[in-house]
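S.K.:
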Ligand SMILES: [Zn+2]
Ligand SMILES: [Zn+2]
């Protein structure tokens, strides 16, 4: 029987089955359903895998046709736009070699090897040429070839980076995609033709080492983004602009929160204002601990290397650790708190009745990060975490995980973050036998399900010593950050020989749970600054109230009011300089002080204060007692909520 006559069954998402000839494409199926769908389809998903619409289907399968409403279709659109970028660059600047062009969060990039740096105006002409390529509506066609053929092909094209990929990626058959007379080594899939590309923008150029290795040649990376609709692109560009304005490194300097010095690379110095916010975050965590059953401990900074040999850090993590030698002994500065908590737990005998033991620690950690990887507060070499470790019986794991999850979600809701929960399961390389992993994964599943939480599965992404739950937040600019984590660990109790006595008087191994809500406080502060644009909610604001005198005559009254506010525990400062009141208000606004009190003769005579909110302006005059009544509630974390005059 010839192939054309063989019939295959295609199951559509609604459950209906289409019988078609083998070799039919997804686009044919779309056309048979309706011309509108054929026009709207961007890419197909065949048995869960994304494929080109034009790829022949040869076996029974489940088929989905993805349109511009699908997130995976957007990724295919962006990646296809990266190809158009590369084609435009090579048409305009012959001799430029191409690297790779993957999709990244929010867009795509493509790497180029060209001697002259790309200029701003060249980016504009590349965009112009891309629009021409789109207008040409070139079909994007896939060719499956033997690996050697691909290698020869790109050698002939003098594309050394593509030759490298042809030699190292894929199986014995690889694919080459072409659009017009331009081609690329790629797995695909892509949109069916360049005419199907949407709206796009090239954003920037930056240097990038080939394969991310600093020993390799520095290539030029052009970043861009693409969307199906202009409206979406406009919104994205607006958010990018807003993100630029909110860059925590810029705001940190402008608001006097922190700085860096070359004498301590990638290690922040928190100024009084920054330290105030930092400590308020720590206090907030401390405030949660009694309710969730944690007790705080303080542990040393530097330990004999033998500890890190026991914990496994010496073997697996030493490149990120700082070492020193004293009295002929090798010591290391701690990069994590876990081993010292294991030492604490190993003291004395524990009955099952004492479990769980929940230890919290704000200990300072040091981790060596490559200088290329550090950026503001997001990646630093010294930081503290709102770290915690729970030692419990295997039976207690679901309840403990549920409690950790509850605390973390309570915290994120207070900051106004949207949350996504990811459950990461056993990786290929792992310690411990599978029955233990079954138990651990089931416990995490149960903990999330019993609380009715939705979560995504990240299969194979767990730590080598146990599965974990990660908490990812989405900030006000719709960017995602992984913050909290809850990791089960069956390995450390083994390494440290931790034990408890069960109800039958038998020795058992406890389970260790590593957990953090905010993670690195430094990084969290960076994220928070950008989330709120430096306008902290009242309870976190380094300066909550500024008292402004209109003339010298009210300077003393202003000082008095400041003193009374401070006595109430408020972070208040007075500005009695001989400046115009308008300028003083503007300055306080720029410094994002949530509440201002404007004091003139009238207020001094009546013993009142004229209140101004940074957001909301003039609120009229009232007595100091009435103001205190108003703001007392805002001092509580989270309580400010929507009423925050931020
Ligand atoms: Zn591609
Ligand atoms: Zn830990």
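Numbering (the working numbering), first residue to last: 694 to 1339. Note that the Cβ used here is the ideal one computed from N, Cα and C, for glycine as well. Model, not experiment: these values are computed from the prediction.
From the DSSP output, which residues share a beta bridge with residue 802?
M.R.: Looking at the DSSP assignment, residue 802 forms a beta bridge with 916.
S.K.: I need the straight-line Cα distance from residue 1147 to residue 1135, nearest angstrom please.
M.R.: Spanning the two alpha carbons is a distance of roughly 15 angstroms.
S.K.: Answer yes or no: the CB of residue 1013 versus the heavy atoms of ligand 2, is any distance below 7 angstroms?
M.R.: Not under cutoff, so the answer is no.
S.K.: Roughly how many angstroms separate the alpha carbons of residue 1022 and residue 1003, rounded to a whole number?
M.R.: If I take the Cα positions, the gap works out to 16 angstroms.
S.K.: Decide if residue 1213 is buried, meaning its Cβ has at least 16 other Cβ atoms within 10 Å, or exposed.
M.R.: When all chains shown are included, residue 1213 counts as buried.
S.K.: Taking only the alpha-carbon atoms, compute the straight-line gap between residue 1188 and residue 1115 and give it to the nearest angstrom.
M.R.: Computed Cα separation, rounded: 28 angstroms.
S.K.: Can you name, in chain order, every residue of its own chain whose Cβ lies under 7 angstroms from the Cβ of residue 826, other than the five neighbours on each side?
M.R.: Result list for residue 826: 777, 780, 781 and 887, in chain order.
S.K.: Take residue 844 and list the residues in its own chain whose beta-carbon comes closer than 7 angstroms to its own, dropping the five residues that flank it on each side.
M.R.: Closer than 7 angstroms at the Cβ level, and outside the excluded window around residue 844, lie 856, 859 and 860.
S.K.: Between the Cα of residue 898 and those of 885, 914 and 872, spot the shortest distance and give me the residue it belongs to.
M.R.: Nearest option by C-alpha distance: 914.
S.K.: Please output, in chain order, the residues near ligand 2 using a CB cut-off of less than 7 angstroms to any non-hydrogen atom of the ligand.
M.R.: The set, ordered by position in the chain, is 1029, 1030, 1031, 1080, 1082 and 1207.
S.K.: Beta carbon of residue 877: closer than 7 angstroms to some heavy atom of ligand 1?
M.R.: Indeed, a heavy atom of ligand 1 lies less than 7 angstroms from the Cβ.
S.K.: Looking only at C-alpha atoms, which of 1264, 1259 and 1240 sits nearest to residue 1297?
M.R.: Of the listed residues, the one whose Cα sits closest to residue 1297 is 1240.
S.K.: Please classify residue 1184: is it buried, with 16 or more other beta-carbons within 10 angstroms of its beta-carbon, or exposed?
M.R.: Classification of residue 1184: buried, given that the 10 Å Cβ count is 16 or more.
S.K.: List the endpoints of the continuous alpha helix (DSSP H) containing residue 1250.
M.R.: Run containing residue 1250: 1248 to 1260, per the alpha helix (DSSP H) assignment.
S.K.: Quick one: residues in its chain with C-beta nearer than 7 angstroms to the C-beta of residue 985, no 5 flanking neighbours on either side, listed in chain order?
M.R.: Answer for residue 985: 1096 and 1100, listed in chain order.
S.K.: Using a threshold of 7 angstroms, is the CB atom of residue 881 nearer than that to any non-hydrogen atom of ligand 1?
M.R.: Answer for residue 881: yes, Cβ within range of ligand 1.
S.K.: Whose C-beta lies closer than 8 angstroms to the C-beta of residue 982 among residues of the same chain, with five residues either side of it excluded?
M.R.: These residues qualify, in order along the chain: 988, 989 and 1053.
S.K.: May I ask you to check if the CB of residue 870 is nearer than 7 angstroms to at least one heavy atom of ligand 1?
M.R.: Answer for residue 870: yes, Cβ within range of ligand 1.
S.K.: How far does the beta strand (DSSP E) with residue 1177 in it extend, from its first residue to its last?
M.R.: Counting along the chain, the beta strand (DSSP E) containing residue 1177 begins and ends at 1173 to 1182.
S.K.: Any heavy atom of ligand 1 closer than 7 angstroms to the beta-carbon of residue 772?
M.R.: Correct: residue 772 has its Cβ closer than 7 angstroms to ligand 1.
S.K.: Pick out whichever of 753, 1293 and 942 has its Cα sitting closest to the Cα of residue 1247.
M.R.: It is 1293.
S.K.: Span of the beta strand (DSSP E) holding residue 991?
M.R.: First-last for residue 991: undefined, no H or E at that position.
S.K.: Considering only the beta carbon of each residue, do residue 1025 and residue 998 sit closer than 8 angstroms?
M.R.: Contact: yes.
S.K.: Would you give the residue range spanned by the beta strand (DSSP E) that residue 1212 belongs to?
M.R.: Where residue 1212 is concerned, the enclosing beta strand (DSSP E) stretches over 1204 to 1213.
S.K.: Out of 1128, 1072, 868 and 1230, which one is the CA nearest neighbour of residue 842?
M.R.: Answer by Cα proximity: 868.
S.K.: Taking the continuous alpha helix (DSSP H) assigned at residue 1115, which residues delimit it?
M.R.: Here residue 1115 belongs to no alpha helix (DSSP H); instead the beta strand (DSSP E) covers 1111 to 1117.
S.K.: Taking a contact to mean a Cβ-Cβ separation below 8 angstroms, would you say residue 722 touches residue 769 in this structure?
M.R.: No, the Cβ-Cβ distance between residue 722 and residue 769 is not below 8 angstroms.
S.K.: Tell me, which residues are paired with residue 1305 by DSSP?
M.R.: Bridge partners of residue 1305: 1289 and 1311.
S.K.: Can you check which of these residues, 1262, 1047 and 1266, is closest to residue 641 by C-alpha distance?
M.R.: Because the chain spans 694 through 1339 in this model, residue 641 falls outside it and cannot be assessed.
S.K.: Is the beta carbon of residue 846 within less than 7 angstroms of some heavy atom of ligand 1?
M.R.: Not so, every heavy atom of ligand 1 lies at least 7 angstroms from the Cβ.
S.K.: Less than 8 angstroms between the C-beta atoms of residue 692 and residue 792, yes or no?
M.R.: There is no way to answer for residue 692, as the model of the chain reaches only from 694 to 1339.
S.K.: Does the structure place the region 1037 to 1045 close enough to the region 1013 to 1020 that three or more beta carbon pairs sit under 8 angstroms?
M.R.: The region 1013 to 1020, when compared against the region 1037 to 1045, does not touch it at the 8 angstroms Cβ threshold.
S.K.: Within the continuous beta strand (DSSP E) that includes residue 875, where are the two ends?
M.R.: 875 to 878 is the extent of the beta strand (DSSP E) around residue 875.
S.K.: On the criterion of 16 or more Cβ atoms from any shown chain inside 10 Å, does residue 1335 qualify as buried, or is it exposed?
M.R.: Because the pLDDT of residue 1335 is 40, which lies under 50, any placement of that residue in the model is unreliable, and the number read from its coordinates should be weighed accordingly. Counting Cβ neighbours within 10 Å, residue 1335 comes out exposed, since fewer than 16 surround it.
S.K.: Is any heavy atom in ligand 1 found nearer than 7 angstroms to the beta carbon of residue 1043?
M.R.: No, ligand 1 has no heavy atom inside 7 angstroms of this Cβ.
S.K.: Nearest-angstrom Cα distance between residue 847 and residue 818?
M.R.: Rounded to the nearest angstrom, the two C-alpha atoms are 26 angstroms apart.
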